[in-house]
Structure formats: structure tokens, C-alpha cells
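What follows is one structure encoded as C-alpha cells, with my remarks underneath.
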Amino acid sequence: MTVRRGLLAALLALAAGACATAPLPPPVVNAAALTVDGVRMDPAGRIAPDLLAEALGAYARHYGTVRERTLVFDFPTRRVEAVLSPIRRDVMAVVDFRLPATRPRLFIVDLGDGSVIAHRVAHGRNSDAAGDIALSGRLVATGGAVRASNLLDSNESAVGAYVAANTYDDGSWPGSMRLHGLDATNSCAFWRAIVLHQAAYMTPDTDKGEVGTSDGCLAVELASRPVVTGLLANGGFLYAGPAALHVPSAADGRDSQAACEAVRLKPELGPQVPPPGA
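Position 129 of the sequence shown, counted from 1, bears residue number 902 in my numbering, the numbering being contiguous throughout.
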């Protein structure tokens, strides 16, 4: 009897341990109804319903597909790593690039109660209506983005689903966050050095209300960066859209440094040079 009791206790302990470490079931997403596990997302209607449905559909499609691993990107002078974590089920972000850059358009959604907070975020300078592939330097913006690309050297934003990776500090851009694209439309994002970082130019100019543009990164205001990275880093899901902004290219679906660099717009530039904050 004592042995039986001991065996029963051991089995119960093993079962309890298994239950404690069992992964959460996948979320039940109804993109058409804008719900997750039966809870209506964004009940106040701050996010355009068509884009929220697009984002929720992507979340359901990608949830459970990201495993823990490290991506490596070799610049000419140093190596960059992104530490990926599985997509979490507590929070997601939605970026509506159609909205003016001067307005908060990076929406962070609490997947538990559906509530939303919003921050300003930049688009790439050549995603702007005034952008040009020959353009260099900063470009001011008051409107939204009109195009997106997966190509190196495009200096455009990339639309699609992302998983937020680790944060890092290079000394001049503290707390930046690495991103990895999950769709064919943004598969080269990591190897383009597309990250989320802070930028003083995202605080509207006091005279004209203008903000700046990035080289394709998701740049936010200085005060917003710790909030955004604190909520999303290490497995947060981010969807930038709409997908209709994407201009198809030879880079679409390529998923390695060599493959993405092989179709870059300016091959004469040689190996990718890291932008500030990379």
C-alpha cells in the first residue's frame, strides 16, 4: 500500500508539473468580427476596421509558427544578431501607414480586453509621395505613405507581419528593437536593418507640425520608445499595412542575407552598410 501511494503521488506530481508547463492554447481569432477569444478588439474604433481585420488574420496565420532561434546578419565590420521568441498572445501592434505621419498611427492592442493606445511612427522617405529613389537625407512628411517595398536600398517601409525580437543599445540609439518580417512582402526586413528606434524628428515641428521620415525603419518619438518596446519586445506581434501599399519586386519571399542582397536596387554599393541604430 505504501508503494502504491508513493507511485500515485509521483504520478500526480508529474501531471501537475506537465500542466504547469503546458503551453497556452492558440487564440481563437475571428478577423471578420474583430474578436480574439470572444473579446472585441478596439471597441472604440480607433483602428480602421479593414486594417484591423487584415492584421488579425495575419496574427491567426502566424501564431505558433515562430520558434526560439537567433538570426545572424553580417555587416562588413561586425555581426548583428536578432533573438527571436515565439509570438505572444497578450498584445499586438497595428501600423496604419495610410494615416498622416503627424498623427498617432502605431496602435498597440491589449488582446485581453481589446483596449488601444497609439503613438506616432515614421514611414520610409521613399514611401512618401514626395520620395524619389535618388533622394538622400531627411524628408519632412505631413501625409501618409503611398508605397512600400521589400528591396534593399529602396528606403521604403515594408508592410506585412513582424515578430518583435530583442532590444539593444549601440550607445547613440538606446533601446532600439530588432524586427523580423514574416511575410513575402517584408521577408528581407531584418537584412535591410529595419528596426524600431527613437528619433527626435518624430516630434512635430512647432511651426509647421511636420515630422521626418526614416530610411525604412519604424521610428517613434523619444518618449514613446520605452513604452512601445516595453510592450512588444521578445515576441510581440506587429502588423504594418495595408498590404495594398506593397509594390511587388524580386525580393519578395527571399529569406536570407545573400538572397536579399542579390536583388538590391544599387548593387554597386556592395555589402549592406548599417544605418544609425542598426
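Every residue, glycine too, gets a C-beta built ideally from N, C-alpha and C. These numbers come from a predicted model, not from an experiment.
- Message: Using only the alpha-carbon positions, how far apart do glycine 897 and threonine 986 sit?
- Response: Cα to Cα, the separation comes out at about 5 Å.
- Query: For glycine 887, which residues from the same chain have a beta carbon less than 7 Å from its beta carbon, with the 5 sequence-adjacent residues on both sides left out?
  - Reply: Closer than 7 Å at the Cβ level, and outside the excluded window around glycine 887, lie Val812, Arg813, Met814, Asp815, Pro816.
- Message: Quick check on the burial criterion: 16 or more other C-beta atoms within 10 angstroms. Buried or exposed for alanine 902?
- Response: exposed
- Item | Separation of threonine 976 from valine 800, as counted between CA atoms | The sequence shown places proline at residue 800, rather than the valine named in the question. Each residue's Cα considered, the two are about 36 Å apart.
- Task: Less than 8 Å between the CB atoms is what I'm expecting for valine 984 and arginine 893, so what's the real figure, rounded?
- Result: 7 Å
- Just the C-alpha distance for glycine 1026 and cysteine 961, rounded to the nearest angstrom, thanks. 8 Å
- Item | Residues sharing a beta bridge with serine 949, DSSP | Tyr941
- Task: For the alpha helix (DSSP H) holding valine 1000, just list the boundary residues, first then last.
- Result: That run of the alpha helix (DSSP H) goes 998–1005.
- Given a threshold of 16 other Cβ atoms within 10 Å of its Cβ, counted over all protein chains shown, does serine 949 qualify as buried or as exposed? Looking at its Cβ environment, which holds 16 or more other Cβ atoms inside 10 Å, serine 949 is buried.
- Message: On the criterion of 16 or more Cβ atoms from any shown chain inside 10 Å, does glutamate 854 qualify as buried, or is it exposed?
- Response: exposed
- Mind listing, in chain order, the continuous beta strand (DSSP E) runs of no fewer than 3 residues lying wholly within the stretch 836–872? 842–847, 852–857, 864–869
- To which residues of the same chain is aspartate 863 closer than 8 Å at the C-beta, ignoring the five residues directly before and after it? Asp883, Leu884, Gly885
- Is it true that the stretch 823–830 meets the stretch 1010–1021, where meeting means three or more beta-carbon pairs spaced less than 8 Å apart? Yes, since at least three Cβ pairs between the stretch 823–830 and the stretch 1010–1021 fall closer than 8 Å, the two stretches touch.
- Message: Need the endpoints of the beta strand (DSSP E) that alanine 1032 sits in, please.
- Response: Taken as a continuous stretch (DSSP letters only), alanine 1032 belongs to no beta strand (DSSP E), being part of the alpha helix (DSSP H) at 1030–1034.
- Message: Only counting the same chain, and skipping five residues up and downstream in sequence, which positions put a Cβ closer than 7 Å to that of glycine 917?
- Response: Non-local beta-carbon contacts of glycine 917 in its own chain, meaning distances under 7 Å to residues more than five positions away in sequence, involve Phe870, Arg871, Leu872, Pro873, Ala874 in chain order.
- Item | Distance CB(glycine 970)-CB(valine 993) smaller than 9 Å | Note that residue 970 is histidine in the sequence shown here, rather than glycine. Yes.
- Task: Using the DSSP secondary-structure output, state which residues sit across from alanine 1013 in a beta bridge.
- Result: Val868, Gly933
- Query: With 16 as the cutoff for other CB atoms within 10 Å, does glycine 818 come out buried or exposed?
  - Reply: exposed
- Query: Taking Cβ to Cβ, would you say valine 932 is nearer than 9 Å to proline 822?
  - Reply: no
- Task: Quick one: give me the first and last residue of the beta strand (DSSP E) that valine 968 is part of.
- Result: 968–971
- Excluding the five sequence neighbours on either side, which residues of its own chain have a C-beta within less than 6 Å of the C-beta of serine 997, listed in chain order? His892
- Message: Are the CB atoms of asparagine 928 and glycine 989 within a distance shorter than 9 Å?
- Response: yes
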